[in-house]
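Residue numbers (my numbering): -8 to 341.
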Ligand SMILES: Cc1ncc(COP(=O)(O)O)c(C=O)c1O
């Protein structure tokens, strides 16, 4: 059939797209302090010439990142969300038919990007405490692997020594996805010149509170970054988002406040969740994965009806009956706990 989808994409379904309405969003792990203030100011004052193309490789943003991390512009690739950088990584370093090692559980879209680029997924289970089993990953013989730290949806960081062992023992590219690294205070970005097979991915969507502007980047040794820049769609990061990201990088106070809020509220929320019968897993991030005391779908749907969105992972292997919530402000967390208490009662009486 001339209109068939490419064979590697035929099983695809559309991505998560809830009917949000007026609901409170605790389902996307974005920053609960609201839009990034420096980026918002930049947008209000923007007088750029939108008739021009943006800089081809977002040099202004790459220079600002180089300054922040003590690296060079040529260590960076900038794009439209870290999702684009995932896509570029597979496009650059895999051939049609290659295998990619992907942890279970982890970010839903890894599978999508591997398959979209003609690859196959080697699912590798994390250990009981959601850590990496280095032998299991290495023995897959994959061409490329991905290690998100902190991991989503589990929330925990992998051990630095395991990541470094992976980088040494694995004969291929290792993508360390650090979308939530600001919250954990840990990361591998300082190691990109030490390991010639390391790609670190970061985003402005979470702690930087700019998900709507779609800015992400990869850091790697100059050789890998150059290869990725050659493959990336030129101009994929628009000039407005690039300028806003540069402005946001200059306001590290906001990032500090955002991280402090999560560190303060996470234990309080965890305690409240336990009181309701949830079994939360330890988190190094701005979200918590937890096993639900009642049926996961009943809980998530009931909360949605009461105006609070959380994310359902309960039908997936290794996260059976689990749900994930963003850590909110005290007010948001209290609202979640109050509504969850009511919904649990409702689900039990059904
Ligand atoms: C682990 C992980 N990686 C990447 C992304 C994508 O982030 P971006 O908005 O930069 O595309 C997300 C978004 O939720 C994520 O959780």
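Backbone N, C-alpha and C fix where the C-beta goes; we use that ideal spot for every residue, glycine too. Note that this is a predicted model, so its numbers are computed, not measured.
Could you have a look at residue -3 and say whether DSSP puts it in helix, strand or coil? coil
Assign residue 81 to one of two classes, buried (16 or more other C-beta atoms within 10 Å of its C-beta) or exposed (fewer than that). buried
Alpha carbons only, please: which of 39, 72 and 107 is nearest the one belonging to residue -4? 107
Curious, which full-length alpha helix (DSSP H) runs of at least 4 residues does the segment 271 to 305 contain? 287 to 296
Span of the beta strand (DSSP E) around residue 136: 135 to 139
Tell whether a beta-carbon distance below 9 angstroms holds between residue 318 and residue 248. no
Distance between beta carbons of residue 198 and residue 250, contact taken as under 8 angstroms: 6 angstroms
Ligand 1 heavy atoms versus the CB of residue 196: any closer than 8 angstroms? yes
State buried or exposed for residue 148, treating a residue as buried only when at least 16 other CB atoms are found within 10 Å of its CB. buried
Could you tell me if the beta carbon of residue 19 falls within a distance shorter than 8 angstroms of some heavy atom in ligand 1? yes
Under three-state DSSP, which class holds residue 94? strand
Tell me which residue opens and which closes the alpha helix (DSSP H) that residue 51 is part of. 50 to 60
My guess is that residue 144 and residue 96 are in contact by the Cβ rule of under 8 angstroms, so how many angstroms apart are they, rounded? 6 angstroms
Taking 8 angstroms as the cut-off, is the C-beta of residue 147 nearer than that to any heavy atom in ligand 1? no
Starting from the C-beta of residue 330, find all residues in its chain whose C-beta is less than 7 angstroms away, skip the five residues before and the five after it, and write them out in chain order. 294, 297 and 299
Proximity winner among 335, 312, 303 and 326, relative to residue 9 (alpha-carbon distances): 303
For residue 26, which residues from the same chain have a beta carbon less than 6 angstroms from its beta carbon, with the 5 sequence-adjacent residues on both sides left out? 200
Mind the definition here: the segment 171 to 190 touches the segment 149 to 163 only if three or more C-beta pairs lie below 8 angstroms; say whether that holds. yes
Around the C-beta of residue 7, are 16 or more other C-beta atoms found within 10 angstroms, so that it is buried, or is it exposed? exposed
As a quick exercise: from 2, 207 and 320, pick the residue whose alpha carbon is nearest that of residue 254. 320
I'd like the ranges of any beta strand (DSSP E) spanning at least 3 consecutive residues and lying wholly in the segment 171 to 247. 189 to 194 and 207 to 211
Spell out the partners DSSP gives residue 114 in its beta bridges. 93
Say whether the segment 54 to 72 touches the segment 233 to 244, bearing in mind that this needs 3 or more beta-carbon pairs closer than 8 angstroms, one atom from each stretch. yes
Using a C-beta cutoff of 9 angstroms, does residue 75 count as contacting chain D? In the displayed structure, chain D is absent; only one protein chain is listed.
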